[in-house]
Every structure is written in structure tokens, then in C-alpha cells.
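Participant: As they're listed, the protein sequences go chains A, R and Y. Count the first sequence with the numbering used here and you get residues 1 to 145, in order. Count the second sequence with the numbering used here and you get residues 1 to 566, in order. Count the third sequence with the numbering used here and you get residues 1 to 321, in order.
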Amino acid sequence: MPDIKEVQTEFKPKILAFCCNWCAYAGADLAGVSRFQMPTNVRVIRVMCSGRVPPELVIRALANGLDGVMILGCHPGDCHYSEGNYLTRRRAHVLKRLLSYIGIEPERFQLRWVSAAEGAKFSAVVKEATDKITALGPNRWVDKK
Amino acid sequence: MAAPRIGVFICHCGTNIGGIVDVPEVVDYAKKLPYVVHAEANLYTCSEEGISAIKEAIKEYDLNRVVVASCTPRTHQPLFRNACADAGLNPYLFEFVNIREHCSWIHMHDRREATEKAKELVKMGVAKARWLEAQEEFESGVYPAAMVIGGGVAGMSAALNLANQGFEVHLVEKEPELGGRLLKLNRIFTINKAPDELVDSMVKAVQGHSKIKLHMPAVVKAASGYIGNFDVSIDEDGQETSVKVGVIIVATGAQVLEPELYSYGKLDNVLTQLGLEQRLKDGKLGEFQNVVMINCVGARIPERPYCSRLCCMTAIKNAALMKEINPKAQVYVLHRDLMTYGVEFEEYYRKAREAGVRFIRYTLSNPPQVMGAKRVEAVKVYDELMDMEVELSCNLLVLATPLIPNADNEELSKMLKVPIGDGGFFLEAHVKLRPVEFAMDGIYVAGSCRWPADIKESIAQGYAAASEAAIPLRQGAVRVEAITATVDPKTCKGCGTCVLVCPFDAIELKESKIKGLEGKIVSEVNAALCKGCGLCAAACPNRAIQQRGFTDMQLLSMVNALSGKR
Amino acid sequence: MKTSSKEVQDSVKKLFEDGRISHFIGYEAGSDSLRVTPCFLKSGQTVSRLVWNPLCANNLAKYLLDLRKVEGKVGILVKGCDSRSVVELLKENQIERDRVFIVGVPCSGIVDGEKLLAVLGISPGDVVAVEDGGDAFLVTTREGKRRVRKEQVLRGECLVCRYPTPVIYDVLLGEAIPSLPWVRDDYSLVRELEELSAEEKARYWNRELSQCIRCYACRNVCPVCNCPECIFDKKAPRWLSKANDISENLVYHLIRAFHVAGKCVDCGECERACPMGIPLRRLNKKVEKDLLELFGYTAGIDVEQQPPLTKYQVGDLDEFL
Numbered sequence: 001m002p003d004i005k006e007v008q009t010e011f012k013p014k015i016l017a018f019c020c021n022w023c024a025y026a027g028a029d030l031a032g033v034s035r036f037q038m039p040t041n042v043r044v045i046r047v048m049c050s051g052r053v054p055p056e057l058v059i060r061a062l063a064n065g066l067d068g069v070m071i072l073g074c075h076p077g078d079c080h081y082s083e084g085n086y087l088t089r090r091r092a093h094v095l096k097r098l099l100s101y102i103g104i105e106p107e108r109f110q111l112r113w114v115s116a117a118e119g120a121k122f123s124a125v126v127k128e129a130t131d132k133i134t135a136l137g138p139n140r141w142v143d144k145k
Numbered sequence: 001m002a003a004p005r006i007g008v009f010i011c012h013c014g015t016n017i018g019g020i021v022d023v024p025e026v027v028d029y030a031k032k033l034p035y036v037v038h039a040e041a042n043l044y045t046c047s048e049e050g051i052s053a054i055k056e057a058i059k060e061y062d063l064n065r066v067v068v069a070s071c072t073p074r075t076h077q078p079l080f081r082n083a084c085a086d087a088g089l090n091p092y093l094f095e096f097v098n099i100r101e102h103c104s105w106i107h108m109h110d111r112r113e114a115t116e117k118a119k120e121l122v123k124m125g126v127a128k129a130r131w132l133e134a135q136e137e138f139e140s141g142v143y144p145a146a147m148v149i150g151g152g153v154a155g156m157s158a159a160l161n162l163a164n165q166g167f168e169v170h171l172v173e174k175e176p177e178l179g180g181r182l183l184k185l186n187r188i189f190t191i192n193k194a195p196d197e198l199v200d201s202m203v204k205a206v207q208g209h210s211k212i213k214l215h216m217p218a219v220v221k222a223a224s225g226y227i228g229n230f231d232v233s234i235d236e237d238g239q240e241t242s243v244k245v246g247v248i249i250v251a252t253g254a255q256v257l258e259p260e261l262y263s264y265g266k267l268d269n270v271l272t273q274l275g276l277e278q279r280l281k282d283g284k285l286g287e288f289q290n291v292v293m294i295n296c297v298g299a300r301i302p303e304r305p306y307c308s309r310l311c312c313m314t315a316i317k318n319a320a321l322m323k324e325i326n327p328k329a330q331v332y333v334l335h336r337d338l339m340t341y342g343v344e345f346e347e348y349y350r351k352a353r354e355a356g357v358r359f360i361r362y363t364l365s366n367p368p369q370v371m372g373a374k375r376v377e378a379v380k381v382y383d384e385l386m387d388m389e390v391e392l393s394c395n396l397l398v399l400a401t402p403l404i405p406n407a408d409n410e411e412l413s414k415m416l417k418v419p420i421g422d423g424g425f426f427l428e429a430h431v432k433l434r435p436v437e438f439a440m441d442g443i444y445v446a447g448s449c450r451w452p453a454d455i456k457e458s459i460a461q462g463y464a465a466a467s468e469a470a471i472p473l474r475q476g477a478v479r480v481e482a483i484t485a486t487v488d489p490k491t492c493k494g495c496g497t498c499v500l501v502c503p504f505d506a507i508e509l510k511e512s513k514i515k516g517l518e519g520k521i522v523s524e525v526n527a528a529l530c531k532g533c534g535l536c537a538a539a540c541p542n543r544a545i546q547q548r549g550f551t552d553m554q555l556l557s558m559v560n561a562l563s564g565k566r
Numbered sequence: 001m002k003t004s005s006k007e008v009q010d011s012v013k014k015l016f017e018d019g020r021i022s023h024f025i026g027y028e029a030g031s032d033s034l035r036v037t038p039c040f041l042k043s044g045q046t047v048s049r050l051v052w053n054p055l056c057a058n059n060l061a062k063y064l065l066d067l068r069k070v071e072g073k074v075g076i077l078v079k080g081c082d083s084r085s086v087v088e089l090l091k092e093n094q095i096e097r098d099r100v101f102i103v104g105v106p107c108s109g110i111v112d113g114e115k116l117l118a119v120l121g122i123s124p125g126d127v128v129a130v131e132d133g134g135d136a137f138l139v140t141t142r143e144g145k146r147r148v149r150k151e152q153v154l155r156g157e158c159l160v161c162r163y164p165t166p167v168i169y170d171v172l173l174g175e176a177i178p179s180l181p182w183v184r185d186d187y188s189l190v191r192e193l194e195e196l197s198a199e200e201k202a203r204y205w206n207r208e209l210s211q212c213i214r215c216y217a218c219r220n221v222c223p224v225c226n227c228p229e230c231i232f233d234k235k236a237p238r239w240l241s242k243a244n245d246i247s248e249n250l251v252y253h254l255i256r257a258f259h260v261a262g263k264c265v266d267c268g269e270c271e272r273a274c275p276m277g278i279p280l281r282r283l284n285k286k287v288e289k290d291l292l293e294l295f296g297y298t299a300g301i302d303v304e305q306q307p308p309l310t311k312y313q314v315g316d317l318d319e320f321l
């Protein structure tokens, strides 16, 4: 059990977002260019396609103690590689359910679609994830050591 | 491999980054990161000064990895990679960290947190950089010939354009005559002239061109290969021939819908607009008094939701012409919305109204009704603007039907591995940014096979596709960014998962020729086809296939760095 | 289990005699009368060693991988579940269809030895033989014959088995069994857990996985875990820390569940091999259930069926906006 002091200090979740180069990363760039202000909790790793992100990386990130992991890709039908995000979607459905099955709150793993034109959406996704995960509290996985 | 010696360059970007993020603090932090032997701040790393700072530091500190923390790789990666290359460092030993768009610009009100985040982003970049490897870009030659599929106005424009640039062109037309849909038209909007002049001059130019090899009537039977190196087999009048080309332009056009509406095909005074033009052209229309035209027949309905773009103008053209032939005739156009965009089209529409053509708006929920047993005698329509039903005497009913995709689009799409969209038309790589290219490199699209296009648009698209196609032809070689997949044949078990997920058919199972593994079935990547998406790397059960520049090692190192693990 | 050991022996003998196989993988009596072990024959001379009875739990498909390099054709005895693993191995190009000769036996359930002893209140030494008696097992003990209702003592996977008859074979010994009468809800084990709160689920798996000693027996016994170098054994990158704590155990079991997703046929070997009694089937069954519900996919039915995570449909469920 965490002691009371720990509970009282402000919890600032650390969230990882894998962004595909063509849509989500560009959307994040646009959010920056548009100066949309958002919480500082999310860190982006650029991949060429959301389909490059294997479940192992998501599982590893959560097990390492990160409070949330997001995969952000092109909207269905818009994948630069025509079908990568559809494969991502299938995997994410299974992974999300599996994580929930072992007691990881579903909010801690998200797949979201952000186009290159959706700077505002990127910012909204960051805010929403930060809010939800802050409300959940620290990732319980780290208690398992 | 020499021990990593990483140099980190943190950009102030004037005040864009430096005004928010405490850059000196990030530099100090970077200096303490593993394998970092040098870190410095630059006012603008992308300036001449910044670039030379990178080059000098590479020499002075014997750097074998460079990390720049500044703006976005989407715009500046080539610049910094070139800087590395100029200083003798393989450009793939460069890593980009985005602390402007992804940090200072979006956290302007929290300098402390922005600085902490910048530090962490740099830490992640350095962690990845440690595992970067030098890469060689794949280069393959481009066979200096093009194939254009479709001898309509778009295809002929593309073929002439390329041939005039000096490239050999194979033009494949499935009909025994060049000209496509244009051959059937009576007049062309907005110039109201017969198309013959236009078609004839183009056909003559094509037929007389020494660089154009005409295959007609001929169809594509099979295609394989990749940009620069396609083998296309065509059936020409029953004879199969194989043609080698570097690029392919698809310009196969579309066809006009034959509707099953408004008694078309049952009553003999019901025609499509195209049927009307045919009769006018052949001089077989005969007498007529009252003409009713209905637009959007079989278009903009749930099963065919798109606007075909040409039919409104066609209806206006022919309505005005009917009025011209018989000024006493009553000519009505029943439409749902008139699409007469731009100056010329709107003007054309206005002139038709001045000539006495009447336009009535109907709704999809309340379509016109055809009256008459053997011939159409009247059309009843609910006039939306007048809010009343009117009955129009009619002895010629003309239906404007949309262009629909060719039936063989799907077959061709499979052969060329280029996508078709929901409606059955071909689908370009990007609706705005890459309008005449397919996602598959080296294949381009023009004209109505993509989307209903008028003559001017078809010609423009033909030229556009030709100019895109000329780039690899002119360059003579294509280079592929070295982020393609590679296989470790030792651990590959030949299960074929990567083959299944690859969207580009870039991976094949083959017998290994590597010493010690002879005969083992393993995956092999064709670098010319690989687009570097990394789908295979994520799907391989034991990671025997990796994406260069985005390896498991590199990505996992970033995750570990972020979460404070080594 | 209408098919007798004798029928298996005769059939295999004939296969050797006709030169149709050079090797055979089957079962023989084990160290005690509640156990059988895999048995490898190289000639028809020793077929009398072969047995077929309700104790033949092992999924022999895995051994096909060990015999890939031998001369001639390898014969193998498969139950329904084993045959589905064979299908998966064929799909993954790990074996060649024309290099194996598949002898199928319809199976109406395998005994869980521990359950049997508990129900009868006896010790392993007391059991002389176990035979199939339709809806019950006929157990010969030192005291005499006893009849035990199958549902009481079947292995967990047999309680939910939908494929008692092999889905692929060259010869089928005995009559096909279309379905097993006790199979009703395939996923009650999974649903029970799904209905718990996140807290309770975490507690459950913490408890179970805290026992894992990471001996990798579950992986080593699994027919579809057949990578030449498992990612958990790779030194770089290291996906799993050597630390044996619950967190790392969880990483191991989740990734493994994902790696066998769409290939696991619920043969139950992982759970049977686990020295700590961890309910691993509950993890694999969850993925199996989701693949079925999401994509209508069942593993090990058809060699031509493409694995569910290597393809997609545009109209797949999209709960991500």
C-alpha cells in the first residue's frame, strides 16, 4: 500500500504516444504550429505507421511503469500504406481486452485516429488522456514488483 | 562497431524554443546522458552557423551519432542528414528530437514542465541514437519507357506529353479506335463545337509520333515489377506480347450509366443525353416539340451517392441546342441541384436560360413521373420552388445519367496493385497532395477512371500524370529511403506472417542462398517494393524481420529511457 | 473411445509394412498406470508398445517439428485438438503436408488424473487401468472396477472441446464423434473473470502469476511456440528482465498469449506442463474468445484460413474514434 504522503502529492501521469509519421505526427506538429496549449504529460515516439507498434512495446511500456500508452494513427481508409492502421485496429481490439482482463484499466491503452489536419484533435486527445489517467491514479502494474 | 560517441545540438529557435524551454539546462542534462561526448546550444541549428557547428563538432569530437533537438523531422530531417553526410558521417546516424512543435509551442505557460519534458525527449532521442546504424540507400535503374493504358483524351494527352519529352511510350487502347468517350459526343460544352477537330488532331499526333507505339485493340493481361522496372503483358488482337516499362499511367476512362428508370429502354422517345448526342450527330433525331430533361438519374442516390460533375453541363448544352434547332420547342430541365461552378459554366447556364430553357427543381423524395403508354406524352413533376405539381407536355424525354466505373477496373487494380475506392473508381495516393499518383510508386492516374472529369480536366490530369511520371524517367534511377525491412535469415522461420501483412507484396518466401543456410525457406525483402511501413516488423513472432531506423532495439530503448530503465 | 490400442497398433503396423511411413509418433504406457508418454517408432516391429486410452493427453504435434529432417514420411496419432495444432503448423509452413501421415482418432475426453484420484479417494498406485465407457470412465483399481461420470474427472479443455474428431487426417480410426454431450458454454471460465472489477482481476492474476517460476515449460511444450529463437531468449533487445517478479511474469504471459493468438487451439498442454498449476488456459481462452467474437475466427480448422491478425476488413469493429 502506498503511504498517505504519496497519495497527497500531486499525481502527474506519464503517457507515451506512438504517432505515425504521416497523420498523427503531422497532426501533433500542426497542434504545435497552431500553438494549442495542452498538458505536458504526453511524450511522442515517431513511427512510420501505427502498424509498426507491436503489442510487446505497449505491454513493456506499461510494465515499465508508464501510466498510459496511446497509438495514434491515420483514420481508417487514410493510411499512407493503405492498410496498416486496419491491422493496428485488429491488434488493438485484442490487446485492449487482454489488458482489461488482467486488471489494467482500458483507459491506459488507447488507439485513436488523428489526421494531419487535426491539430485540435491531437490536443483534445492529449487532454482527454491526461485527465482520464490522472483520475485513475498511478499505473498499478508498478506495485507488482 | 565503434563505441557510440553522440553529439547533441539543442536549438533555441530564436525565442521559439529558448523563450520557453531552459535550453542551457537541457544542454547540461544532455551532457550527462550515456554515450554523449558533446552537447551544445545553437541559436538556430538550421542556420548556416548551426549547420557548420554540427560539421565541426563531428570532426572535433569524433562524433559517430548526431542528435538535433529542434523542430520537426517532417521538414528539417533532410537538412541535418545532409549536414552529417557533408562531414563524412552516414546520414542515417542522425536522430531528430522535436522540442518545438511537440513541446515549447504547446506548453508556453509552463516553462518548468516544458523544460523537464524537453530533457526527457532528448534522453529518448539519445537512447535511440545509441542504436542507430549506418545505412545505404537502395538504388535501382528506371527503364526509360512508359505505358499509358487508355487512348481517350486523358491517355493521349499523357502519351503525347511524355513522347514529346523524348520518352518511348506504349499506348494501350482496348477499342479499335482512339478517342474514347469523346468520339460519341455531338458537341463540346462550353465551346459548342463538334469534338472531331480536337480528337482528329490528337489522334493524328499520336499515330504519327515516332516515340509512341500504339497497341490497339489491346488489353493488359498481367503486370509485375516495381517503379522503374515493370513487366506488362498485353493481349493485342489475340496475340500476347510482353512490354518492359519504367512507369505506368492509368487513364482508362469511365462509362455512362444506362438507367432502369423513367421507362428508359421501354418507350422509344426516352433517351440518355449520350443517346441524344448520338442521334444529333447522326442526324437521326427527327421532329420534336417539347423536350423534358431529367438530371441526376441514378446519381446522388444512396447506392451511388456521388455527383458525376459533367451531367448538369451536358444537359444545359443539349437543352440550349434543342432550343436552337427548334426555337418553338418547350425545353425543360428538371434538376436537383445545378452544378455550374466557375465563371464559364455559370455564364453558359445563364445563356441557356436567356435562350428560353426552363429549369425546375425537383427533390429525391418526390421524383418526376412519366406519363404515357407507348410513348412519353407528359412528365409530372413537383416543383419545389413553386410548391406545386406541374404537368409538362413532352414528346422527347432525355435522361442525364452519371459516369460509372468501368467493369474491368477491379481486374486492373489487382494486376497493378493499385487501389480502387468505394465507388469503384481508382483511388489516388492522397486526395489533396498527390492527386495523380497512386500509393504504388511509378503508377499514375488521369481522367475519368479516377473521377468523372471533363475534357479540360482530363487533359490537365494527363499532363500532370505525365510530368510526375517523367521525374523517375528523367532521373534514370530511384533511391529508396533506407528505412526498409531486413530479415535475419538465421532466426526467420519462414512462417510467412510478414508476407501476409505486407501491403506492397515486397516480401517473398525463398530458399536462402546464404552460406550455412542453403535451402532454408526464409523471407526475402525486395527493397525496391518496400515502402518502410514496418508492418512486418510488428507482426513477426520472433522479430527476425526488422525495419531499419525503427528497430525493436531503437524503439524499446526509447520506451525504456522514458520510463527510467536502462 | 471406441478405438482400441489394438486397432492403432494394427493400422500403424500396416503403414510400416506398406512403406508409407518411416517413423511414427504415438503413445505408450508410462511410469505409472495414470500416465502415458510419447513414443517414437522406427519400424513396425515394435508397434505393440503403442496404446490409445483416455490418458493420452500429450499433444504430439510438437514432435513433428523435431522429425522435420528425417528421411521418409512421419506418421502421427492425433486427437481432435492435436489435429488442429497440425493445421496451425501447416499454415505456418513449419511442416509439409506430404511429409506427414496423419492417423486420426476421435476422442471423447481425456482423464484429469488428479481429479480422478480425488473423486475416488485413492492414490496413484491404486489405479490399474482407465477405459472409456461412453458417458463414464471405467476405472480398474486394485479393489475392483469403478465407474466415474466423465464430467467429474475430464481435463478442463475436454469439458469445452468442440472438435472431438480430428479436422485433418489421412486415415481415421473409429467413427467420427460430431459433438460431446457435456459441452455447453465454451467460455464460462473467461466470463467469470471478465465480470470482476479491475481491482479484483488484478488481484486474481497477481495471486496466480506470483507463483510462476519462469521455467518456460508452458512455452516449451506448446506446438505453436516454435520460433528458432524466442524473443524472450534474445539478448538484444531484452523484452523481459530476468527478475522473477509478478510484473515481469505478467509481461511474459501477456506477450505469450499474444504470440499464440489465433494459433492456440486450447489443447491444454501449457497448463498441464505448468509445475505451479497456473490457470494458463484462462488467459489463452480469453484471446480465443475475443478473436471469435471480434473477427469470427477459430484457430486450427482450415489450412487455407488466414490468421486473424494478419488481415482486416474495412468494416471491422471500430471503437476508437
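Virtual Cβ for every residue (Gly too), placed ideally from N, Cα, C. Since this is a predicted model, take the numbers as computed values, not measurements.
#1: Give the interface partners of Glu194 (chain Y) over in chain A, defined as CB-CB distance under 7 Å, in chain order.
#2: Anything in chain A within Cβ reach of Tyr330 (chain Y), meaning under 8 Å, just list it in chain order.
#3: Across which residues does DSSP place His12 (chain R) in a beta bridge pair?
#4: So Val357 (chain R) and Val390 (chain R) are supposed to be a Cβ contact under 8 Å. How far apart are they, rounded?
#5: Got a sec: which bits of the region 37 to 53 of chain A sit with their beta carbon under 9 Å from any beta carbon on chain R, in order along the chain?
#6: Entirely within the region 467 to 553 of chain R and at least 3 residues each: give me those beta strand (DSSP E) ranges in chain order.
#7: Examine the Cβ distances between the region 6 to 18 of chain R and the region 28 to 46 of chain R and report whether three or more of them are shorter than 8 Å.
#8: May I have the straight-line CA-CA distance separating Leu16 (chain A) from Ala527 (chain R), to the nearest angstrom?
#9: Do the region 122 to 135 of chain A and the region 45 to 52 of chain A meet, that is, are 3 or more Cβ pairs less than 8 Å apart?
#10: Using the Cα positions of Val183 (chain Y) and Gly156 (chain Y), report the straight-line distance between them to the nearest angstrom.
#11: Which residues in the same chain have their Cβ closer than 7 Å to the Cβ of Gly298 (chain R), if we skip the five residues on either side of it in sequence?
#12: Return the first residue and the last residue of the beta strand (DSSP E) that Phe138 (chain R) is part of.
#13: Check whether the region 55 to 66 of chain Y touches the region 258 to 272 of chain Y, counting contact only when three or more Cβ pairs, one atom from each stretch, lie closer than 8 Å.
#14: Hey, is Val69 (chain A)'s beta-carbon within less than 8 Å of any beta-carbon in chain Y?
#15: Would the beta-carbon of Ile10 (chain R) fall within 8 Å of that of Ala114 (chain R)?
#16: With a cut-off of 8 Å, do at least 3 Cβ pairs link the region 513 to 520 of chain R to the region 87 to 97 of chain R?
#17: Checking contacts by CB at 8 Å: is Ser557 (chain R) closer than that to chain A?
#18: Give the interface partners of Val94 (chain A) over in chain Y, defined as CB-CB distance under 8 Å, in chain order.
#19: Quick test of the definition: if touching needs 3 or more C-beta pairs under 8 Å, does the region 278 to 287 of chain Y touch the region 307 to 314 of chain Y?
#20: Counting only runs of 4+ residues fully inside the region 353 to 383 of chain R, write out the alpha helix (DSSP H) ranges in chain order.
#21: Determine which residues share a DSSP beta bridge with Ser242 (chain R) and list them.
#22: Can you name the residues of chain A whose CB is closer than 8 Å to the CB of Thr255 (chain Y)?
#23: Can you name the residues of chain R whose CB is closer than 7 Å to the CB of Gln306 (chain Y)?
#24: What do you get for Pro302 (chain R), buried or exposed, if any count of 16 or more other CB atoms within 10 angstroms of its CB means buried?
#25: Measure the Cβ-Cβ separation of Glu101 (chain R) and Val33 (chain A) and say whether it is below 8 Å.
#26: Should the region 496 to 505 of chain R be called in touch with the region 82 to 98 of chain A, which here means at least 3 C-beta pairs below 8 Å?
#27: Check for me: the alpha helix (DSSP H) holding Met415 (chain R) runs from which residue to which?
#28: Three-state secondary structure (DSSP) at Phe345 (chain R)?
#29: Against chain Y, with Cβ distances strictly below 8 Å, would Ile521 (chain R) count as a contact?
#30: For chain R, check one thing: does any of its Cβ atoms lie closer than 8 Å to the Cβ of Arg112 (chain A)?
#31: Please decide whether Arg35 (chain A) counts as near chain R, where near means a Cβ-Cβ distance under 8 Å.
#32: Just to confirm the assignment, what range does the alpha helix (DSSP H) spanning Trp205 (chain Y) have?
#33: Pull up the distance between the alpha-carbon of Leu172 (chain Y) and that of Ala273 (chain Y), whole angstroms please.
Facilitator: Walking through what the data contain:
#1: What you label residue 194 (chain Y) is simply residue 194 of the third sequence in a count that begins at 1. In chain order: Tyr101.
#2: Nothing can be reported for residue 330 (chain Y), as the shown portion of chain Y is limited to 1 through 321.
#3: Reading the second sequence from its first residue, position 12 is the one you call residue 12 (chain R). Residue pairing by DSSP leaves His12 (chain R) without any beta bridge partner.
#4: Indexing the second sequence from 1 puts residue 357 (chain R) at position 357. Indexing the second sequence from 1 puts residue 390 (chain R) at position 390. Actually they do not touch by this definition, with Cβ atoms about 16 Å apart.
#5: Those residues of the region 37 to 53 of chain A placed with their C-beta closer than 9 Å to a C-beta in chain R are Gln37, Met38, Pro39, Thr40, Asn41, Val42, Arg43, Val44, Ile45, Arg46, Val47, Met48, Cys49, Gly51, Arg52, Val53, ordered along the chain.
#6: Taking only runs of at least 3 residues, the beta strand (DSSP E) segments lying wholly in the region 467 to 553 of chain R are 477 to 480, 485 to 487, 507 to 511, 521 to 525, 545 to 547.
#7: The region 6 to 18 of chain R vs the region 28 to 46 of chain R: in contact.
#8: Against the first sequence, residue 16 (chain A) aligns to sequence position 16. Against the second sequence, residue 527 (chain R) aligns to sequence position 527. Straight-line Cα distance between these residues: approximately 31 Å.
#9: Verdict: no, contact absent.
#10: If you number the third sequence from 1, residue 183 (chain Y) lands on position 183. If you number the third sequence from 1, residue 156 (chain Y) lands on position 156. Rounded to the nearest angstrom, the gap between the Cα atoms of Val183 (chain Y) and Gly156 (chain Y) is 11 Å.
#11: Taking the first residue of the second sequence as position 1, residue 298 (chain R) is located at position 298. Here Gly298 (chain R) has Leu257, Pro259, Leu261, Arg304, Thr401, Pro402 as same chain residues with Cβ atoms under 7 Å from its own Cβ, once five neighbours each way along the sequence are excluded.
#12: Here residue 138 (chain R) refers to the residue found at position 138 of the second sequence. It spans 138 to 141 - the beta strand (DSSP E) in which Phe138 (chain R) sits, taken as one unbroken run.
#13: As far as the Cβ criterion goes, the region 55 to 66 of chain Y touches the region 258 to 272 of chain Y, which means the pair count is three or higher.
#14: Stepping through the first sequence from its first residue, residue 69 (chain A) is reached at position 69. Interface residue (Cβ-Cβ distance to chain Y less than 8 Å): Val69 (chain A) is not classified as such.
#15: Along the second sequence, read from residue 1 onward, the residue named residue 10 (chain R) stands at position 10. Along the second sequence, read from residue 1 onward, the residue named residue 114 (chain R) stands at position 114. Going by C-beta atoms, Ile10 (chain R) is not nearer than 8 Å to Ala114 (chain R).
#16: As far as the Cβ criterion goes, the region 513 to 520 of chain R does not touch the region 87 to 97 of chain R, which means the pair count is below three.
#17: Looking up residue 557 (chain R) in the second sequence gives position 557. Ser557 (chain R) is outside the set of residues whose beta carbon lies under 8 Å from a beta carbon in chain A.
#18: For this step, residue 94 (chain A) is matched to residue 94 along the first sequence. Chain Y residues near Val94 (chain A): Phe258, Ala261, Val287, Asp290, Leu291, Leu294, Leu309.
#19: With the cut-off at 8 Å, the region 278 to 287 of chain Y and the region 307 to 314 of chain Y do not touch.
#20: The region 353 to 383 of chain R contains no complete alpha helix (DSSP H) run of 4 or more residues.
#21: In the second sequence, the residue the question calls residue 242 (chain R) occupies position 242. The secondary-structure analysis by DSSP pairs Ser242 (chain R) across a beta bridge with R:Ser233.
#22: Within the third sequence, residue 255 (chain Y) is the residue found at index 255, counting from 1. According to the sequence shown, residue 255 (chain Y) is Ile rather than Thr. Within 8 Å Cβ-Cβ: Pro55, Glu56, Ile59.
#23: Within the third sequence, numbered from 1, the residue matching residue 306 (chain Y) stands at position 306. One finds Leu500 in chain R with Cβ atoms closer than 7 Å to the Cβ of Gln306 (chain Y), taken in chain order.
#24: Walking along the second sequence from the start, residue 302 (chain R) turns up at place 302. Exposed, because fewer than 16 other Cβ atoms sit within 10 Å of the Cβ of Pro302 (chain R).
#25: Within the second sequence, residue 101 (chain R) is the residue found at index 101, counting from 1. Within the first sequence, residue 33 (chain A) is the residue found at index 33, counting from 1. Yes.
#26: Here the region 496 to 505 of chain R makes contact with the region 82 to 98 of chain A; the two share three or more CB pairs at distances below 8 Å.
#27: Here the question's residue 415 (chain R) lines up with position 415 in the second sequence. Annotation for Met415 (chain R): the continuous alpha helix (DSSP H) segment containing it runs 409 to 416.
#28: Locating residue 345 (chain R) in the second sequence gives position 345, where the first residue counts as 1. For Phe345 (chain R), the secondary structure class from DSSP, reduced to helix, strand or coil, is helix.
#29: Reading the second sequence from its first residue, position 521 is the one you call residue 521 (chain R). For Ile521 (chain R), the answer is yes, since a Cβ of chain Y falls inside 8 Å of its Cβ.
#30: Position 112 of the first sequence, counting from 1, holds the residue named residue 112 (chain A). Taking 8 Å as the threshold, the shortest C-beta distance from Arg112 (chain A) to chain R does not fall below it.
#31: As a first step, residue 35 (chain A) is located in the first sequence; it is residue number 35 there, counting from the start. Taking Cβ atoms only, chain R reaches closer than 8 Å to Arg35 (chain A), which makes this a yes.
#32: In the third sequence, the residue the question calls residue 205 (chain Y) occupies position 205. From DSSP, the alpha helix (DSSP H) with Trp205 (chain Y) extends over 198 to 209.
#33: Residue numbering aside, residue 172 (chain Y) sits at position 172 when the third sequence is read from its first letter. Residue numbering aside, residue 273 (chain Y) sits at position 273 when the third sequence is read from its first letter. Looking at the two C-alpha atoms, the distance is approximately 28 Å.
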